[in-house]
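Engineer: If you read the protein sequences in the order shown, they are chains F and U.
If you're matching positions, the first sequence starts at 1 in full-length UniProt numbering and goes up one per residue.
If you're matching positions, the second sequence starts at 1 in full-length UniProt numbering and goes up one per residue.
Beta carbons: idealized from backbone N, C-alpha and C, even for Gly.
I'd like to ask some things about the structure below.
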Amino acid sequence: MTDHTRSGISLRVNDVSHRLSVDNRRTLLDALREDLGLTGPKKGCDHGQCGACTVLCDGRRVVSCLTLAVAADGAAVTTVEGLAAGGELRPLQEAFVRLDGFQCGFCTPGQLCSAVGVLAEHEAGWPSAVTADDDPERTPELDEAEVRERMSGNLCRCGAYPSIVRAVLEAAARQGGAA
Amino acid sequence: MSPDRTVGAVGASRPRIEGGLKVTGAARYTADVPMPGLVHGQLVTATTSRGRVRDVDASTALGMPGVLGVLDHRNAPRLNPKAGNYFGPDGSLLLLQDEVVPYAGWPVALVVAETPEQARAAAAALRVTCDAEPHDLDFDMDHPAARPASTAFGPEADTGDLEAELAACAVVVEERYRTPEESHCAMEPHASTAWWEGDHLHALDANQGAFSVSEVLAALWSIDRERVHVRSEHVGGGFGGKGVCGPQMILASMASKRFGRPVRIAMTRAQVFETTSSRPRTEQLVTIGADADGRLRAVGHRAAYALSPLAEYIEACTEQAKVLYAAPAIRTRLTAVPLDVLPPASMRGPGATPGSFALESAIDEVAERLDVDPVRLRLRNQPSVAPVSGLPFSTRRLVSCVQEGARRFGWAARDRRPRSRREGPLLIGTGMATASFSAGVFPSTASITAEVDGTFTVSVGASDIGTGARTALTAVAADALGVDAGRVRLRIGDSDLGMAWGAGGSRGTTSWSFAITEAAKELRGRLGDPARPVTATVDTSALIDFQPGRERQTFSAVFAEVAVDPATGEVRVRRLLGVFAVGRVINPLLARGQVVGGMVMGLSMALHEESVRDPRTGRLANGDFAGYHIAAHADVPDVEADFVPDYEPLDPSGFNGLGEIGTAGTAAAIANAVWHATGTRQRTLPIRLDRVLEPVAAGKDTEGATEGADHAVTRGA
Numbered sequence: 001m002t003d004h005t006r007s008g009i010s011l012r013v014n015d016v017s018h019r020l021s022v023d024n025r026r027t028l029l030d031a032l033r034e035d036l037g038l039t040g041p042k043k044g045c046d047h048g049q050c051g052a053c054t055v056l057c058d059g060r061r062v063v064s065c066l067t068l069a070v071a072a073d074g075a076a077v078t079t080v081e082g083l084a085a086g087g088e089l090r091p092l093q094e095a096f097v098r099l100d101g102f103q104c105g106f107c108t109p110g111q112l113c114s115a116v117g118v119l120a121e122h123e124a125g126w127p128s129a130v131t132a133d134d135d136p137e138r139t140p141e142l143d144e145a146e147v148r149e150r151m152s153g154n155l156c157r158c159g160a161y162p163s164i165v166r167a168v169l170e171a172a173a174r175q176g177g178a179a
Numbered sequence: 001m002s003p004d005r006t007v008g009a010v011g012a013s014r015p016r017i018e019g020g021l022k023v024t025g026a027a028r029y030t031a032d033v034p035m036p037g038l039v040h041g042q043l044v045t046a047t048t049s050r051g052r053v054r055d056v057d058a059s060t061a062l063g064m065p066g067v068l069g070v071l072d073h074r075n076a077p078r079l080n081p082k083a084g085n086y087f088g089p090d091g092s093l094l095l096l097q098d099e100v101v102p103y104a105g106w107p108v109a110l111v112v113a114e115t116p117e118q119a120r121a122a123a124a125a126l127r128v129t130c131d132a133e134p135h136d137l138d139f140d141m142d143h144p145a146a147r148p149a150s151t152a153f154g155p156e157a158d159t160g161d162l163e164a165e166l167a168a169c170a171v172v173v174e175e176r177y178r179t180p181e182e183s184h185c186a187m188e189p190h191a192s193t194a195w196w197e198g199d200h201l202h203a204l205d206a207n208q209g210a211f212s213v214s215e216v217l218a219a220l221w222s223i224d225r226e227r228v229h230v231r232s233e234h235v236g237g238g239f240g241g242k243g244v245c246g247p248q249m250i251l252a253s254m255a256s257k258r259f260g261r262p263v264r265i266a267m268t269r270a271q272v273f274e275t276t277s278s279r280p281r282t283e284q285l286v287t288i289g290a291d292a293d294g295r296l297r298a299v300g301h302r303a304a305y306a307l308s309p310l311a312e313y314i315e316a317c318t319e320q321a322k323v324l325y326a327a328p329a330i331r332t333r334l335t336a337v338p339l340d341v342l343p344p345a346s347m348r349g350p351g352a353t354p355g356s357f358a359l360e361s362a363i364d365e366v367a368e369r370l371d372v373d374p375v376r377l378r379l380r381n382q383p384s385v386a387p388v389s390g391l392p393f394s395t396r397r398l399v400s401c402v403q404e405g406a407r408r409f410g411w412a413a414r415d416r417r418p419r420s421r422r423e424g425p426l427l428i429g430t431g432m433a434t435a436s437f438s439a440g441v442f443p444s445t446a447s448i449t450a451e452v453d454g455t456f457t458v459s460v461g462a463s464d465i466g467t468g469a470r471t472a473l474t475a476v477a478a479d480a481l482g483v484d485a486g487r488v489r490l491r492i493g494d495s496d497l498g499m500a501w502g503a504g505g506s507r508g509t510t511s512w513s514f515a516i517t518e519a520a521k522e523l524r525g526r527l528g529d530p531a532r533p534v535t536a537t538v539d540t541s542a543l544i545d546f547q548p549g550r551e552r553q554t555f556s557a558v559f560a561e562v563a564v565d566p567a568t569g570e571v572r573v574r575r576l577l578g579v580f581a582v583g584r585v586i587n588p589l590l591a592r593g594q595v596v597g598g599m600v601m602g603l604s605m606a607l608h609e610e611s612v613r614d615p616r617t618g619r620l621a622n623g624d625f626a627g628y629h630i631a632a633h634a635d636v637p638d639v640e641a642d643f644v645p646d647y648e649p650l651d652p653s654g655f656n657g658l659g660e661i662g663t664a665g666t667a668a669a670i671a672n673a674v675w676h677a678t679g680t681r682q683r684t685l686p687i688r689l690d691r692v693l694e695p696v697a698a699g700k701d702t703e704g705a706t707e708g709a710d711h712a713v714t715r716g717a
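Put into structure tokens, the structure is as follows:
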């Protein structure tokens, strides 16, 4: 008998391919956490309001709690566990540790994935709400105001924002944007 | 004089020990830990603020896939009604024991199923019928049910003759201040996994003190505390909201008992808002009288807060009136108003944070009336001893904080007239406030084992909820043992490690450090045979002097600059600086993060946070992060914080706690800056757009007819 409440999906997560049978109600976040044991992405609100579950889906940041697993079928997903290639911390991760860009650490996986997305979006020339619209051809300079605006979907109740902004800017400078 | 301050591990900035785990997703929080045979519990909560459960119809839910069962007040295991918390008996621990609904959000049932989705679907299918009764959420200082607050934290102040002094004053300010119900909002929702092995209860739980949670569970289940094992390795923030044994923990232990499986309850964000706890609403009346030359003669501080009849609680708003200023007459009155509210709990800087908003706003109003600089007014009224207790301060570096802060902030260049500074349509203002927060130490135990390989294992029932305790205590132990920090292995977050105070009251680090320092002292006296591990264990209960004859406080001065858009009412904090006196600082990097984070929470309190309740049902109308805004990246400037040299003589290592002082003074500093920008006092938090929008009738902005002012008239009309 066919079970109409479940579906088979494929996910490529942190460069590893998986075939999964998931409850149709299962979110991408729960599939990562419960089915694949990748508990880096966190469930802070389950409503897309806090950003703790942020992952990269085909290179773009998404809140995985508002993404149904079946809708991510075929996607390449990067979680915080996949950011340190070969066990070596990225400059962004290293800057978070050195500059104390977190306290409790619960929002950190989302902040990091979001920051990777921010840097890529900036590199691609995407403007934000605080970007001056005087010259559409010019890539906006990534300054504190730009980072704050672009990272505002990621809440941190410990209030580590100033250190997070410093870490993102430093990582951007060190890697020419590809942090 | 300060004892030897030889630089060791203490005093050096070091990143968090667990930093690598936290940036790779490897740090496991309660709901991250896999567990064979795990099942999931989903709470169902009351939607009425007062009433009785008439029926819980589980017929549909029980037939749904994966459902193991439903617990409600008729079939749940019985708990010991004598169990309590820090303040005594606590009815909020007695979940599913009877049909009474004491507040909206009270758990009325728990659905247990194989998967989270199944549990959630079955919980939605549960039909709970309640008989609603009239509720009372009408908070008012003069409410008929108002009663004097508990004096467990100390007596009221009644120094001098307040009325006589006020009558002799050149200037008297008497104003009423209000702060709303607020929510802790730790990013990690409360979660617990519980299982029984025989008559031993095991749990992973998100809390601020595993030992005290184990004590409460032992009392609830009437078993020896040694049979309760609570682990809390990584905790995603607390701020007071995880200070007690939470509903997730109690219900998970009940469900596991009933169904014989490990049960995980991960509360939803909405449940964290409506079911766990909050900072209570306050209403405060501050009366301050001064001579024409700016000498304070009278300080009166009346404060009332809401609480639940389920448990005693103290929101000690009036404490700073007993500490900050010298005056011949000081009177405090603290009032508790029992209502059908969510039971309050300490939230970062309990009492001091709302209390400081009122007191330090009022002091600013005195400066305004006297036309003196608010920094000068504060410096003119510093006490030489604690003005109410008469005790000397163990250390008081408040003047240093104020002067250093004023220097860095560039305060001297400030024009104190309100509405004196503009940038285009924006009104710019600066303000400041001082704060104090009670410091001290509570009993804890620590064990240190000298291993045969030359390393040391330090075991202490501490919690690291983001405070940096793991890193700080490693440094403390290293210095106490006289070894490199690399040779110290720290074990925390486990109730089996022995009696310990939790991460709360700004007393976690001092309490654990004291025990570690004493254990190290004892161990160093016993090291002999390097071939066998040697362990020293110390309980500081008998070592602590609870009557030290000194007033022990931490201090701060906070400076803020705001830009106010009179057209939209938007307030943006552009600069925020805090200078702190918190004893000897263990790790400046992490300590700065703590106080900066505290100030960010204070900023959020000043401008954003407010739990809004539907008066008909009493339910939260904004119980999520869309409706209850906490400061986001874009709200927060580059906050600056630093410490003045300080040493606490009542602590063997010179330490004081610093988890809460950062929040305490910030809201008043911002409110005072908003006054300076606009000329209008903000006596109710948060400083919402509608409260700032320039009032049309007042015709305030006649002198400039700026674009912004024109806007305000249009929008206000």
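#1: Who are the near neighbours of U:S2 in its chain, counting only those whose CB is closer than 6 Å to its CB and skipping five residues on each side?
#2: Going by CA-CA distance only, name the one from U:N85, U:R264, U:D199, U:G236 that's closest to U:N207.
#3: Counting C-beta neighbours from all protein chains within 10 Å, is the total for U:R269 16 or more, i.e. buried, or is it exposed?
#4: Is F:C156 helix, strand or coil when you go by DSSP?
#5: Along the UniProt domain "2Fe-2S ferredoxin-type" (7-83) of chain F, what residues have a CB closer than 8 Å to any CB found in chain U?
#6: In the DSSP assignment, find the alpha helix (DSSP H) that holds U:G662 and state where it starts and stops.
#7: DSSP state of U:E182, grouped into three classes?
#8: From what residue to what residue does the alpha helix (DSSP H) around U:G51 run?
#9: For U:V612, does the count of other Cβ atoms within 10 angstroms reach 16, so buried, or fall short, so exposed?
#10: Looking only at C-alpha atoms, which of F:V168, F:T139, F:D135 sits nearest to F:P91?
#11: At a Cβ threshold of 8 Å, is U:P116 touching chain F?
#12: With DSSP collapsed to three states, give me the class of F:H122.
#13: Kindly list, in the order they appear in chain F, the residues whose Cβ is closer than 7 Å to that of U:C185.
#14: Against U:K22, what residues of chain F qualify as contacts under a CB-to-CB distance less than 7 Å, listed in chain order?
#15: Run down chain U in chain order and give the residues with a C-beta less than 9 Å from the C-beta of F:L89.
#16: Using a C-beta to C-beta distance shorter than 7 Å, which residues of chain F count as neighbours of U:H608?
#17: Quick check: is the beta carbon of U:T666 nearer than 8 Å to any beta carbon in chain F?
#18: Determine which residues of the stretch 28-59 of chain U have a Cβ less than 9 Å from any Cβ of chain F, and write them out in chain order.
#19: Does any C-beta atom of chain U lie closer than 8 Å to the C-beta of F:E141?
#20: Tell me U:H202's beta-bridge partners as DSSP assigns them.
#21: What does a CB cutoff of less than 7 Å around U:F409 pick up in its chain, not counting 5 residues either side in sequence?
#22: Report the residues of the stretch 157-171 of chain F with a CB closer than 9 Å to any CB of chain U, ordered along the chain.
#23: Taking one C-beta from the stretch 450-461 of chain U and one from the stretch 590-602 of chain U each time, how about it: are there three or more such pairs within less than 8 Å?
#24: Which of helix, strand or coil does DSSP assign to U:G466?
#25: Any heavy atom of the ligand ADP closer than 7 Å to the Cβ of F:R150?
#26: According to DSSP, simplified to helix, strand and coil, what is U:R147?
#27: Might you give, ordered along the chain, the residues of its own chain that have their beta carbon closer than 7 Å to the beta carbon of U:A149, omitting 5 neighbours on each side?
#28: Run down chain U in chain order and give the residues with a C-beta less than 8 Å from the C-beta of F:E144.
#29: Among residues of its own chain, excluding the 5 on either side of F:G153, which ones have a beta-carbon nearer than 7 Å to its beta-carbon?
#30: Mind listing the chain C neighbours of U:R269? Cutoff is C-beta to C-beta under 8 Å, in chain order.
#31: Which two residues bound the contiguous beta strand (DSSP E) that contains F:S163?
#32: Tell me where the beta strand (DSSP E) around U:C245 begins and ends.
#33: Under the rule that 16 or more other beta-carbon atoms within 10 Å means buried, what is U:P30, buried or exposed?
#34: Find the residues of chain U that neighbour F:L119, judging by a C-beta separation of less than 7 Å, and give them in chain order.
#35: With DSSP run on the structure shown, which of helix, strand or coil describes U:P3?
#36: Give the interface partners of U:D624 over in chain F, defined as CB-CB distance under 9 Å, in chain order.
Structural biologist: For this structure:
#1: Bear in mind that the predicted position of U:S2 carries a pLDDT of just 42, short of 50, making it too unreliable to give a figure here.
#2: If we check each option's Cα against that of U:N207, U:G236 comes out closest.
#3: It counts as buried.
#4: Coil.
#5: Taken in chain order, the members of the UniProt domain "2Fe-2S ferredoxin-type" (7-83) of chain F whose beta-carbon sits within less than 8 Å of a beta-carbon on chain U are D23, R25, R26, D30, R33, E34, G37, L38, T39, G40, P41, K42, K43, G44, C45, D46, H47, Q49, C50, A52, T79, V80, E81, L83.
#6: 661-664 is the extent of the alpha helix (DSSP H) around U:G662.
#7: DSSP places U:E182 in strand when its eight states are reduced to three.
#8: Residue range 51-57 is occupied by the beta strand (DSSP E) that includes U:G51, with no alpha helix (DSSP H) assigned at that position.
#9: Exposed, because fewer than 16 other Cβ atoms sit within 10 Å of the Cβ of U:V612.
#10: The residue with the shortest Cα to Cα distance from F:P91 is F:V168.
#11: At least one CB atom of chain F sits nearer than 8 Å to the CB of U:P116.
#12: F:H122: helix per DSSP, three-state reduction.
#13: The contacting residues are R157.
#14: Within chain F, the residues F102, G105, T108 have their CB atoms less than 7 Å from the CB of U:K22, given in chain order.
#15: Here the neighbours are G20, V23, T24.
#16: Taking a Cβ-Cβ cut-off of 7 Å, U:H608 has no neighbours in chain F, whose nearest Cβ is about 12 Å from it.
#17: No, no contact with chain F.
#18: The residues in question are R28, Y29, A31, D32, V33, P34.
#19: F:E141 does not count as touching chain U.
#20: Note: U:H202 sits in a beta bridge opposite U:W195, U:H229.
#21: Residues F559, L577 of the same chain have their beta carbon placed closer than 7 Å to that of U:F409, with the five preceding and five following residues left out of the count.
#22: Within the stretch 157-171 of chain F, the residues whose Cβ lies closer than 9 Å to any Cβ of chain U are, in chain order, R157, C158, G159, A160, Y161, P162, S163, I164, V165, R166.
#23: Not touching, per the Cβ criterion.
#24: In this structure, U:G466 counts as coil in the three-state DSSP scheme.
#25: The ligand ADP is not part of the structure shown, which contains no ligands of any sort.
#26: Looking at U:R147 - three-state DSSP - the assignment turns out to be strand.
#27: A distance below 7 Å between beta-carbons, with the five flanking residues on each side excluded, links U:A149 to the following residues of its chain, in chain order: I314, L334, T335, A336.
#28: Those are D638, listed as they occur along chain U.
#29: Same-chain partners within the cutoff: G51, S114.
#30: Structure shown: chain C not included; protein chains present are F and U.
#31: Run containing F:S163: none in the beta strand (DSSP E); it sits in the alpha helix (DSSP H), 161-174.
#32: Per DSSP, U:C245 belongs to no beta strand (DSSP E) and is neither H nor E.
#33: Sequence inspection shows Thr at residue 30 of chain U; the Pro mentioned does not correspond to that position. Buried, because 16 or more other Cβ atoms sit within 10 Å of the Cβ of U:T30.
#34: Neighbours of F:L119 across chain U, judged by C-beta separation under 7 Å, do not exist; the nearest C-beta is about 15 Å away.
#35: Note that U:P3 scores 44 on pLDDT, short of 50, meaning its location in the model is unreliable and no value can be drawn from it.
#36: Near U:D624 (Cβ distances below 9 Å), the residues of chain F are C45, H47, Q49.
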